[in-house]
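Protein chains in written order, with the numbering used here: chain A, 969 to 1067; chain B, 969 to 1067; chain C, 969 to 1067; chain D, 969 to 1067; chain E, 969 to 1067.
Even for Gly, the Cβ is constructed at its ideal location relative to N, Cα and C.
Everything numeric in this text was worked out from a predicted model, so none of it was measured.
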């Protein structure tokens, strides 16, 4: 699973694979200091995440293991909004992000 | 899921894995500024995308979750043509691409 | 499978995909000298690993092949705590880590 | 799916996972100019590809969706021999390769 | 599928996912000249490979398609010991390795 930061979303009209009604976000993955990297991905949102939120992402066939994405052609989804991270004696809270 | 830009297609005569009748595109993945990277992939088209279109790509076993690719040996497909992307306070529309 | 070192954990309130009750760790992958790399990932803990532990990680659909993660939207889990590694005529023991 | 060029093959005697009778090739992946990269992989051949052929490769669980590889422990197979590629206003034909 | 060279193994006491009795090796992946790269991975051994052996590796869900790993949380296994490789007009034999 990866940690990402929501930076945007997209609109598409022509879709396949039972994507109708799913919200698609743009995220950047986080590095070991929990800073945005330049690596971008798209994902389907299952937790109503918004811009600036740090999210936990689940990929591959496991991305279909939610009520919302079962039977959809998705390979990357948000599975949690992260409140705080403790790592290497540091602590990051969502509230510091102004949320 | 990844964002890519369609840059071409290919023709093959000798195929396996129930690929007959499927259209295979060449795409380059997009970076955090939604610019073409040098990373190229092939994918099966399920949304009738054309050269220059920005597409949403779905990979792994989830690439088989469409009517068209069920039971085919495919690991990357287009699942949507993207109309617009909002990210980092920027906005990109398909129409700016001349489409 | 990959080798990683546990460096932290995270807390989230809003979750999907049957993640309730699962503990989520932050790990860095190890390089060929078994030193931390800068590559970070999140994973679900199934072996009660703690900070500093070297763990064996299992990803993709195989991450759902444990009692704890069956039917959960997870793509990376700890499957073992490593006691010792022998490689290229070197030997690393967990006890040297003060455990 | 990826594009690769066949550069060789291998012989093994001790096998598991129902690999008996399958031909294993060495390929290098192609970059955005359809030139060999330095990235090498092995794959199981399902289309009788030979040295110098440009092939379409299918990975992950989808590599088991052919008559030949069903029930085999394979994660990368050739699914097509490519006759021609059109991309970025360029055209590459297999015949230019002397085939 | 990837080519790797066995460089070591590891011992763990606390395990999940039906790993008991499985032997876990450390491998480095090989580059286009069949030389060790710095990229290391762990894998479950199904062919009784030893230090210095060149092995064929199978990953993802396909790593569970052997008698030994069925129902185990493994995502990378050895599926063959390689006797010889022919590529780019070169030939490498296992016997040259002193085996």
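Neighbour-count burial assignment, residue i, 16 or more Cβ in a 10 Å radius
{"i": "residue 1057 of chain B", "result": "exposed"}
{"i": "residue 1035 of chain B", "result": "exposed"}
{"i": "residue 1061 of chain E", "result": "exposed"}
{"i": "residue 1033 of chain C", "result": "buried"}
{"i": "residue 979 of chain A", "result": "exposed"}
{"i": "residue 1039 of chain C", "result": "exposed"}
{"i": "residue 1016 of chain C", "result": "exposed"}
{"i": "residue 985 of chain B", "result": "buried"}
{"i": "residue 1006 of chain E", "result": "exposed"}
{"i": "residue 972 of chain B", "result": "buried"}
{"i": "residue 1001 of chain C", "result": "exposed"}
{"i": "residue 1045 of chain C", "result": "buried"}
{"i": "residue 988 of chain E", "result": "exposed"}
{"i": "residue 1020 of chain A", "result": "exposed"}
{"i": "residue 1072 of chain B", "result": "Only positions 969 to 1067 of chain B appear in the structure, and residue 1072 of chain B is not among them; the question remains open."}
{"i": "residue 976 of chain D", "result": "buried"}
{"i": "residue 1014 of chain A", "result": "buried"}
{"i": "residue 981 of chain E", "result": "exposed"}
{"i": "residue 992 of chain A", "result": "buried"}
{"i": "residue 1022 of chain C", "result": "buried"}
{"i": "residue 1003 of chain C", "result": "exposed"}
Opening and closing residue of the beta strand (DSSP E) in which residue i lies
{"i": "residue 1047 of chain A", "result": "1044–1055"}
{"i": "residue 1061 of chain D", "result": "1058–1061"}
Where residue i meets chain E, residues with beta-carbon distance less than 7 Å
{"i": "residue 1014 of chain D", "result": "Here the premise fails: no neighbours, minimum Cβ distance about 13 Å."}
Proximal chain D residues relative to residue i, where beta-carbon distance stays under 8 Å
{"i": "residue 999 of chain E", "result": "1006, 1008"}
Contacts that residue i makes with chain D (C-beta to C-beta distance below 9 Å)
{"i": "residue 1049 of chain E", "result": "980, 981, 982, 983"}
Per-residue contacts from residue i into chain B (C-beta, under 7 Å)
{"i": "residue 1003 of chain D", "result": "Result: empty, since nearest Cβ-Cβ is about 11 Å, beyond 7 Å."}
Distance cut-off 8 Å: residue i Cβ against heavy atoms of the ligand SAM
{"i": "residue 1031 of chain C", "result": "Within the structure as shown, the ligand SAM is missing, as the structure has no ligands at all."}
Point to revise | Unbroken stretches of the beta strand (DSSP E), 3 residues or longer, contained in the stretch 976–1029 of chain E | key: Counting only runs of 3 or more residues that sit fully inside the stretch 976–1029 of chain E, the beta strand (DSSP E) segments are 992–998, 1004–1012, 1022–1027, in chain order.
Point to revise | Where the stretch 1019–1046 of chain A meets chain C: residues whose CB sits under 9 Å from a CB there | key: Taking 9 Å as the Cβ-Cβ cut-off against chain C, the residues of the stretch 1019–1046 of chain A that qualify are 1022, 1023, 1024, 1025, 1026, 1027, 1028, 1029, 1030, 1031, 1032, 1033, 1034, 1035, 1036, 1037, 1045, 1046.
**Study point:** Interface residues of the stretch 970–995 of chain A facing chain B [CB-CB below 9 Å]
**Key:** Correct list: 975, 976, 977, 978, 979, 980, 981, 982, 983, 984, 985, 986, 987, 992, 994.
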